[in-house]
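Protein chains in written order, with the working numbering: chain A, 3 to 205; chain B, 3 to 205.
We treat Cβ as the ideally placed atom computed from N, Cα and C, and that holds for glycine.
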DNA sequence: TGTACATCAGTGAACGCGCGTTCACTGATGTAC
DNA sequence: TGTACATCAGTGAACGCGCGTTCACTGATGTAC
């Protein structure tokens, strides 16, 4: 249509990526066709390949973008134990469960990412490492590698719990799982913050 | 081909369901076409509708079957703390991570189930409740509703951890997450077994 | 200031393909005579 | 025991459709003169 400065094409590209993030999280990647994605961005199918080399290219880009947004949104509020608790309560809320399009990309796309291209898994890993290293500071663990595993473990719990709550047809159980999840994650966090490391008194 | 007794058609149906379980877990439901599923069972596409009314019908049936198998396979080995620990170490093993087709249906299909039909979510919920009630006996919690939430919470952790390990491109981190996951799940289990209920000393 | 032109983001039709589903047909079987 | 027939699990071609991808074209713009 128009021949604007280079910032206009960039803006269109960003719009496609953002809308695709919503659509992917709502319907799943395989159920989101190019024509639908472009229509979401106010464009027609043909323009897609002026912005991305393939659908896989878009997927990897969207995964990176989604994790970046999530990180930006939460980094300020996760620096202390109180902020993290607020994050957890938000994460494991019925609202978040019922609105995947606006929610956590890991909870909505993790299986698709696991089956995805190397580029997609790489984008996910890099994005997660950035988030993890913020939480790792909360977990009082001097060994960086172990701190990362502990932080990722906490996210894994949140992800699994939200997914389970979304898949359960029994509304009461689905809600109870969220409530219990908040409890468990905070216990785990306190344990990691207090403990000296791996050694817990078992049996 | 043949006109055998009614057990022969039943056997074919069971073969389709079993093979479809593997295929769904490996490639995802949306990437598994009817022709491929039937070919896996040694048949051609046309015979599908003599066994199922639609693909959604098959999906719900497969989900129920997969959870039933998982329950049968593990119920005997999950009755005490020692058996459950063995289950957890098996579940969070690199082998399980690298072989989704033979593995846990929740870890491979939970997002698809969450986006699925009511019948599929119902099948999942019923199957999970059967498994949950076995573990709930381990969790020393008199309130049945709470015991179920706690048991489901433990499964949710296992599921999220395995999925995360599958999606991470960094092999070292992916392994560390599994190891840390075993640690955390066992801590959580001991806590539920020892604790009197919800009230933990926080702050 | 006014006109001609090059640019290029976006259009929309078309490609081959696999999807879920339907259906007329096949052919090996158990049964009837 | 031998033949004719009814059954019905499974075949394979076809349906309309949406998929990812390609490409000749459009038309509003900034620039050159």
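How many Å lie between residue i and residue j at the Cα?
{"i": "residue 179 of chain B", "j": "residue 67 of chain A", "result": "23 Å"}
{"i": "residue 203 of chain A", "j": "residue 120 of chain B", "result": "For residue 203 of chain A, the predicted model reports a pLDDT of 40, less than 50, meaning its position is unreliable; a value from the coordinates is still stated below. Looking at the two C-alpha atoms, the distance is approximately 44 Å."}
{"i": "residue 38 of chain A", "j": "residue 47 of chain A", "result": "8 Å"}
{"i": "residue 144 of chain B", "j": "residue 194 of chain B", "result": "11 Å"}
{"i": "residue 213 of chain B", "j": "residue 52 of chain B", "result": "As shown, chain B starts at 3 and ends at 205. That puts residue 213 of chain B outside it, with no answer to give."}
{"i": "residue 84 of chain A", "j": "residue 186 of chain B", "result": "21 Å"}
{"i": "residue 146 of chain B", "j": "residue 78 of chain B", "result": "21 Å"}
{"i": "residue 81 of chain A", "j": "residue 136 of chain A", "result": "7 Å"}
{"i": "residue 43 of chain A", "j": "residue 93 of chain A", "result": "27 Å"}
{"i": "residue 205 of chain B", "j": "residue 36 of chain B", "result": "Annotation note: pLDDT 34 at residue 205 of chain B (below 50); position unreliable, coordinate value reported separately. Cα-Cα distance, rounded: 55 Å."}
{"i": "residue 101 of chain A", "j": "residue 71 of chain B", "result": "32 Å"}
{"i": "residue 214 of chain B", "j": "residue 191 of chain A", "result": "Because chain B in this structure spans residues 3 to 205, residue 214 of chain B falls outside the shown range and cannot be described."}
{"i": "residue 95 of chain A", "j": "residue 149 of chain B", "result": "20 Å"}
{"i": "residue 20 of chain B", "j": "residue 173 of chain B", "result": "31 Å"}
{"i": "residue 41 of chain A", "j": "residue 10 of chain A", "result": "18 Å"}
{"i": "residue 201 of chain A", "j": "residue 122 of chain B", "result": "Caution applies to residue 201 of chain A, whose pLDDT of 43 falls short of 50 and renders its modelled position unreliable; the model cannot decide the point."}
{"i": "residue 138 of chain B", "j": "residue 45 of chain B", "result": "42 Å"}
{"i": "residue 18 of chain A", "j": "residue 128 of chain A", "result": "22 Å"}
{"i": "residue 55 of chain B", "j": "residue 61 of chain A", "result": "33 Å"}
{"i": "residue 59 of chain B", "j": "residue 24 of chain B", "result": "17 Å"}
{"i": "residue 177 of chain A", "j": "residue 141 of chain A", "result": "28 Å"}
{"i": "residue 183 of chain A", "j": "residue 49 of chain A", "result": "44 Å"}
{"i": "residue 89 of chain A", "j": "residue 90 of chain B", "result": "28 Å"}
{"i": "residue 132 of chain B", "j": "residue 175 of chain A", "result": "13 Å"}
{"i": "residue 181 of chain A", "j": "residue 99 of chain A", "result": "12 Å"}
{"i": "residue 86 of chain B", "j": "residue 86 of chain A", "result": "30 Å"}
{"i": "residue 108 of chain A", "j": "residue 22 of chain B", "result": "26 Å"}
Could you say which of the options lies nearest to residue i if we only look at CA atoms?
{"i": "residue 189 of chain B", "options": "B:176, B:159, B:171 and B:39", "result": "B:159"}
{"i": "residue 106 of chain A", "options": "A:185, A:176, A:130 and A:43", "result": "A:130"}
{"i": "residue 97 of chain B", "options": "B:16, B:182 and B:164", "result": "B:164"}
{"i": "residue 103 of chain A", "options": "A:27, A:135, A:41 and A:140", "result": "A:27"}
{"i": "residue 110 of chain B", "options": "B:45, B:161, B:176 and B:22", "result": "B:161"}
{"i": "residue 73 of chain A", "options": "A:126, A:24 and A:17", "result": "A:126"}
{"i": "residue 134 of chain A", "options": "A:122, A:176 and A:76", "result": "A:76"}
{"i": "residue 65 of chain A", "options": "A:15, A:175 and A:124", "result": "A:124"}
{"i": "residue 63 of chain B", "options": "B:183, B:15, B:182 and B:132", "result": "B:15"}
{"i": "residue 69 of chain A", "options": "A:181, A:157 and A:175", "result": "A:157"}
{"i": "residue 57 of chain A", "options": "A:132, A:175, A:181 and A:118", "result": "A:118"}
Which residue marks the beginning of the alpha helix (DSSP H) containing residue i, and which one marks its end?
{"i": "residue 208 of chain A", "result": "Given that chain A is displayed from residue 3 to residue 205, the structure contains no residue 208 of chain A and the question cannot be resolved."}
{"i": "residue 94 of chain A", "result": "Neither: residue 94 of chain A is in no alpha helix (DSSP H) and is coded neither H nor E."}
{"i": "residue 169 of chain A", "result": "146–169"}
{"i": "residue 112 of chain B", "result": "107–116"}
{"i": "residue 129 of chain B", "result": "120–140"}
{"i": "residue 38 of chain B", "result": "36–42"}
{"i": "residue 104 of chain B", "result": "From DSSP, residue 104 of chain B is part of no alpha helix (DSSP H); its letter is neither H nor E."}
{"i": "residue 69 of chain A", "result": "57–76"}
How about residue i: is its Cβ closer than 6 Å to a heavy atom in the ligand ATP?
{"i": "residue 75 of chain B", "result": "Ligands in the displayed structure: none, and consequently the ligand ATP is not present."}
Meets three-Cβ-pair contact criterion under 8 Å: the segment 21–38 of chain B and the segment 105–123 of chain B: yes
Positions along the segment 36–68 of chain A whose CB lies within less than 9 Å of some CB in chain B: none
Identify each residue in the segment 143–159 of chain B for which the Cβ-Cβ distance to at least one residue of chain A is less than 9 Å, and report them in chain order. 147, 148, 150, 151, 152, 154, 155, 156, 157, 158 and 159
Do the segment 145–153 of chain B and the segment 166–180 of chain B meet, that is, are 3 or more Cβ pairs less than 8 Å apart? no
Chain A contacts made by the segment 182–195 of chain B, where a contact means CB separation under 8 Å: From the segment 182–195 of chain B, only 182, 183, 185, 186, 188, 189, 190, 192 and 193 have a Cβ closer than 8 Å to chain A.
At a CB distance below 9 Å, what residues from the segment 125–141 of chain B approach chain A? Give them in sequence order. Taking a C-beta cut-off of 9 Å against chain A, the contacting residues of the segment 125–141 of chain B are 125, 126, 127, 128, 130, 131 and 134, listed in chain order.
Could you name the residues of the segment 162–178 of chain B whose beta carbon sits closer than 7 Å to any beta carbon of chain A, in the order they occur along the chain? 162, 163, 165, 166, 168, 169, 170, 171, 172, 175 and 178
Taking beta-carbon pairs under 9 Å, can you tell me which members of the segment 103–120 of chain B lie near chain A? Taking 9 Å as the Cβ-Cβ cut-off, the segment 103–120 of chain B approaches chain A at 108, 109, 110, 111, 112, 113, 114, 115, 116, 117, 118 and 120, given in chain order.
Looking at chain B, which residues of the segment 22–37 of chain A have a Cβ within less than 9 Å of any of its Cβ atoms? Per Cβ criterion, the list reads 28, 29, 30, 31, 32 and 33.
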